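Undergrad: Below is the structure I would like to discuss, written out as structure tokens.
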Amino acid sequence: MSIQGHLLEVTVVGCNRLRDTEWISRQDPYVCLEYASTKFRTRTCTDGGKNPSFQEKFVFNLIEGLREISVSVWNSNTLTFDDLIGSGKVQLHKVLSHGFDDTPWTIHSKGGKHAGEVTLIMHYSSAQKPGMNYVPTAPPHAHAAHPSVAPPYSLPYPAPPHAPAPAAHYAPPAGYPPAPTPSYASTYHAATSMAPAYPTNYTPPPYPAPAAVQAYPPATAQAYPPAAAQPYPPPTNYPPTP
1 MSIQGHLLEV TVVGCNRLRD TEWISRQDPY VCLEYASTKF RTRTCTDGGK
51 NPSFQEKFVF NLIEGLREIS VSVWNSNTLT FDDLIGSGKV QLHKVLSHGF
101 DDTPWTIHSK GGKHAGEVTL IMHYSSAQKP GMNYVPTAPP HAHAAHPSVA
151 PPYSLPYPAP PHAPAPAAHY APPAGYPPAP TPSYASTYHA ATSMAPAYPT
201 NYTPPPYPAP AAVQAYPPAT AQAYPPAAAQ PYPPPTNYPP TP
């Protein structure tokens with residue numbers, strides 16, 4: 001597909017880790033883009049140093065057979081010529097095929113040393129996106145006719161299985177039905193008839209008479225208080241006679 005006359009939008013976002021060309025103050029970078037005879041220049045990022053930011057958009061008219069843009073970064077000087085920080089080439093193959101590219105591009109100094117990166121965002125609206133003209137090679141899926149299924153109630157229900165033959169009757173064992181259990185009265189009389197006989201003329205011995213209870217208080221109780229065994233010494237005349 002020819003790109004002749006189509007438009008390409010390029011946004012200069014900024015730079016990262018630029019080579020520093022200043023010894024005392026911070027450098028003032030700007031970016032230049034060149035495509036064939038078309039040239040664009042960003043504003044100068046005063047005191048931008050090594051990581052300036054621009055956020056400026058430019059539009060290029062594409063030329064068939066030219067699929068790269070030259071980019072260079074300069075340091076603006078007031079009294080002397082501007083210093084070249086680095087330059088490089090931006091390839092357009094990805095943006096022309098996919099319509100978008102935001103790859104950072106490396107630049108090099110005149111001596112070929114690494115001088116930093118330039119971040120660009122490119123848009124190409126005429127790109128042929130993958131899958132836009134896709135034509136399916138297989139025919140559309142045809143729905144298979146479902147076989148007609150008779151409703152379940154149209155079929156006769158199966159006949160129920162025959163009931164199993166009854167089990168053979170076994171003869172009852174000998175001595176059936178069992179002999180009746182003896183009643184409680186007969187069992188009691190049989191048990192009492194076996195009990196030993198006790199004597200009927202037994203007389204228990206007489207219970208001993210209780211002892212006589214002593215009367216209280218006893219008759220011989222001593223009067224209280226008892227008489228003194230020895231009288232207290234008789235009192236003497238006090239004070240004694242001189």
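Per my numbering, the sequence shown runs over residues 1 to 242. C-beta atoms are modelled at their ideal positions from N, C-alpha and C, and glycine is treated no differently. In this text the structure is predicted, and so the values were computed from the model without any measurement.
1. For the segment 98-106 against the segment 31-42, do three or more pairs of beta-carbon atoms, one drawn from each stretch, fall closer than 8 Å, so that the two count as touching?
2. Nearest to Cys-15 by CA position, among Gly-86, Met-122, Val-95 and Ser-97, is which residue?
3. Compute the distance between the beta-carbons of Ser-76 and Thr-44, then report whether it is under 8 Å.
4. Measuring only the C-alpha atoms, how far is Arg-67 from Val-10?
5. Hey, would you say Cys-69 sits closer than 8 Å to Leu-92, going by beta carbons?
6. With burial defined as no fewer than 16 other Cβ atoms inside 10 Å of the residue's Cβ, what is the status of Ser-154: buried or exposed?
7. Would a C-beta distance cut-off of 8 Å place Val-12 and Thr-42 closer than the cut-off?
8. Would you report the Cα separation of His-108 and Gly-116, rounded to the nearest angstrom?
9. Where does the unbroken alpha helix (DSSP H) through Ser-97 begin, and where does it stop?
10. Measure the alpha-carbon distance for Asn-61 versus Gln-128 and round it to whole angstroms.
11. From His-6, Gly-5, Phe-40 and Gly-49, pick the residue whose C-alpha is nearest to that of Arg-26; which is it?
12. Identify which residue in Thr-106, Gln-4 and Arg-19 has its Cα closest to the Cα of Trp-74.
13. Count the other CB atoms, across all protein chains shown, that sit within 10 Å of the CB of Leu-7; report buried if there are 16 or more and exposed otherwise.
14. Just to check my reading of the structure: Phe-40 and Phe-58 have Cβ atoms closer than 8 Å, yes? What is that Cβ distance to the nearest angstrom?
15. Between which two residues does the beta strand (DSSP E) holding Thr-119 run?
16. Buried or exposed: which applies to Asp-28, given that a residue is buried once 16 or more other Cβ atoms fall within 10 Å of its Cβ?
17. Only counting the same chain, and skipping five residues up and downstream in sequence, which positions put a Cβ closer than 7 Å to that of Asp-83?
18. In terms of alpha-carbon separation, which member of Gln-4, Asp-47 and Arg-17 lies closest to Asp-24?
19. Does Pro-52 pass the burial test, meaning 16 or more other C-beta atoms within 10 Å, or should it be called exposed?
20. Could you check which residue in Met-1, Thr-106, Glu-64 and Val-95 has the C-alpha nearest to that of Gly-88?
21. Please indicate yes or no: does the CB of Tyr-30 lie closer than 7 Å to some heavy atom of the ligand ATP?
22. Where does Lys-39 sit, in a helix, a strand or coil, going by DSSP?
23. So, is Leu-96 buried or exposed, given that buried needs 16 or more other C-beta atoms within 10 angstroms?
24. Let me check understanding here. Comparing Cα to Cα, which of Glu-56, Ser-126, Pro-206 and Gln-4 lies closest to Glu-310?
TA: Taking the coordinates as given:
1. The segment 98-106, when compared against the segment 31-42, does not touch it at the 8 Å Cβ threshold.
2. With distances taken between CA atoms, Cys-15 lies nearest to Gly-86 out of Gly-86, Met-122, Val-95 and Ser-97.
3. The Cβ atoms of Ser-76 and Thr-44 sit closer than 8 Å to each other.
4. Cα to Cα, Arg-67 sits roughly 14 Å from Val-10.
5. Residue identity differs from the one stated: residue 69 is Ile in this sequence, not Cys. Contact flag set, yes.
6. Residue placement at Ser-154 is poorly supported in this model, since its pLDDT is 49, which falls under 50; the coordinates still yield a value, given next. Result: exposed.
7. A contact, by the Cβ cut-off of 8 Å.
8. Roughly 7 Å between the two C-alpha positions.
9. Unbroken alpha helix (DSSP H) run through Ser-97: 93-98.
10. For the pair Asn-61 and Gln-128, the Cα-to-Cα distance works out to about 18 Å.
11. Comparing Cα-Cα distances from Arg-26 to each of His-6, Gly-5, Phe-40 and Gly-49, the minimum goes to Gly-49.
12. Per the Cα distances, Arg-19.
13. Leu-7 is exposed by the Cβ-count criterion.
14. Under the criterion of beta carbons closer than 8 Å, Phe-40 and Phe-58 qualify as touching, at roughly 4 Å.
15. Where Thr-119 is concerned, the enclosing beta strand (DSSP E) stretches over 114-123.
16. Classification for Asp-28: buried.
17. Thr-21, Trp-74, Asn-75 and Asn-77, listed in sequence order.
18. For the record, residue 24 in the displayed sequence is Ile; it is not Asp. The residue with the shortest Cα to Cα distance from Ile-24 is Asp-47.
19. Using a 10 angstroms sphere on the CB of Pro-52, the tally of other CB atoms reaches 16 or more, which defines it as buried.
20. The shortest C-alpha separation from Gly-88 is found at Thr-106.
21. Because no ligand of any kind appears in the structure shown, any question about the ligand ATP cannot be addressed here.
22. Shown here, Lys-39 sits in a strand according to DSSP, grouped into three states.
23. Label assigned to Leu-96: buried.
24. Only positions 1 to 242 of the chain appear in the structure, and residue 310 is not among them; the question remains open.
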